[in-house]
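The structure appears below as structure tokens.
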Amino acid sequence: MSYSISYYNGGVYPMPQTAIVCATEAIKLLLMVVMATTNGVWREISPSAYFAVPSVVYAITNNLYFFALHYTTPPVWSVLIQSRVIITALVYRFWFKREVTNVQWVALVMLLVAIAMSQVSGKSSSPESMNLLLVAMALSLIQACLSVIASVYTEYLFKTDKRSFVEQQLQMYFFSTLIGLGFFFMQQYSATSNTTDMKDVQYPFGIKICLVVALLLASLGGITVATIVKKLDNI
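The sequence shown runs contiguously to residue 240 in this note's numbering.
See the structure below:
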């Protein structure tokens with residue numbers, strides 16, 4: 006859905022990518038506000054700046070994702086971004102001294118080889134295609150490294166902090182929304198921003214529907230991942 010709103014719209018997002026990221030975080034925040042109100046969590050809230058740290062990283066990676074879709078498609082990006090699995094395993098093994106079995110190492114090597122082979126066989130040898138691939142690979146590596154930093158930090162925070170899960174998520178999405186707004190205003194006032202010509206553009210109804218669905222799916226997906234990490238680890 007995130008790819009389609011650009012693909013079927015002449016390569017232009019119907020709203021600035023920073024606004025899409027901010028709207029996604031705002032929907033998550035709204036859902037957590039409803040849950041906090043239902044569960045009576047408001048009386049127990051104790052603000053902590055620690056939850057702002059992953060919010061900054063996720064704001065960068067989420068914007069990076071939409072930027073990367075200009076250079077590759079979601080299936081290719083999904084393959085490239087799997088390098089974060091390898092990086093996560095290395096962090097767990099050498100930083101946290103967690104056990105990684107020989108079978109798991111073999112699987113990680115096979116994953117790395119598969120990523121390389123899929124790109125060699127799936128792209129033409131034209132200079133333009135190779136340049137796009139190199140840009141996409143560089144972006145995926147940056148995304149993977151930042152994603153691992155944020156995910157490992159978030160897992161540690163979730164499992165060591167004494168706050169309830171709803172309160173943790175409420176604070177994280179609050180900071181994410183604020184930071185997302187900051188990125189949005191930075192883009193709006195940037196001299197290189199291309200959003201100034203989009204104010205009076207009318208987009209087809211189908212594009213608007215796809216945008217709404219993309220926002221909802223991204224929001225629910227983010228909350229689902231957080232719920233899983235609360236119980237399991239990132240590997």
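The beta-carbon is built from N, C-alpha and C at its ideal position, and this holds for glycine as well. Just so it is clear, the structure is predicted and the values come from calculations on it, not from any experiment.
Taken atom to atom, the span from the alpha-carbon of Met142 to that of Ser53 is near 35 Å. With contacts defined by Cβ atoms closer than 8 Å, Ser181 and Tyr70 do not form a contacting pair. Here Val234 really is in contact with Phe163; their C-beta atoms are around 6 Å apart, less than 8 Å.
A direct Cα-Cα distance of roughly 14 Å separates Asn239 from Ile86.
DSSP, read as helix, strand or coil, puts Ile50 in coil.
Around the beta-carbon of Val111, fewer than 16 other beta-carbon atoms lie within 10 Å, marking it exposed. It is roughly 19 Å from the alpha-carbon of Phe101 to the alpha-carbon of Ser88. Counting only the Cα atoms, Gly185 lies some 17 Å from Ala219. For Met177, the enclosing alpha helix (DSSP H) has its first and last residue at Phe170 to Gln193. Here the alpha carbons of Glu104 and Ile214 stand approximately 46 Å from one another.
Taken through DSSP and simplified to helix, strand or coil, Asn44 comes out as helix. Counting the other CB atoms within 10 Å of its CB gives Val39 a total below 16, which places it among the exposed residues.
In the three-state scheme derived from DSSP, where H, G and I count as helix and E and B as strand, Arg103 is classed as coil.
Three or more beta-carbon pairs drawn from the region 21-33 and the region 168-182 are found closer than 8 Å, and the two stretches are therefore classed as touching.
Spatial neighbours of Ile65 in its own chain (CB-CB distance under 8 Å, excluding positions within 5 residues in sequence) are listed in chain order as Leu151.
With a 10 Å radius around the Cβ and a threshold of 16 neighbouring Cβ atoms, Thr93 comes out buried.
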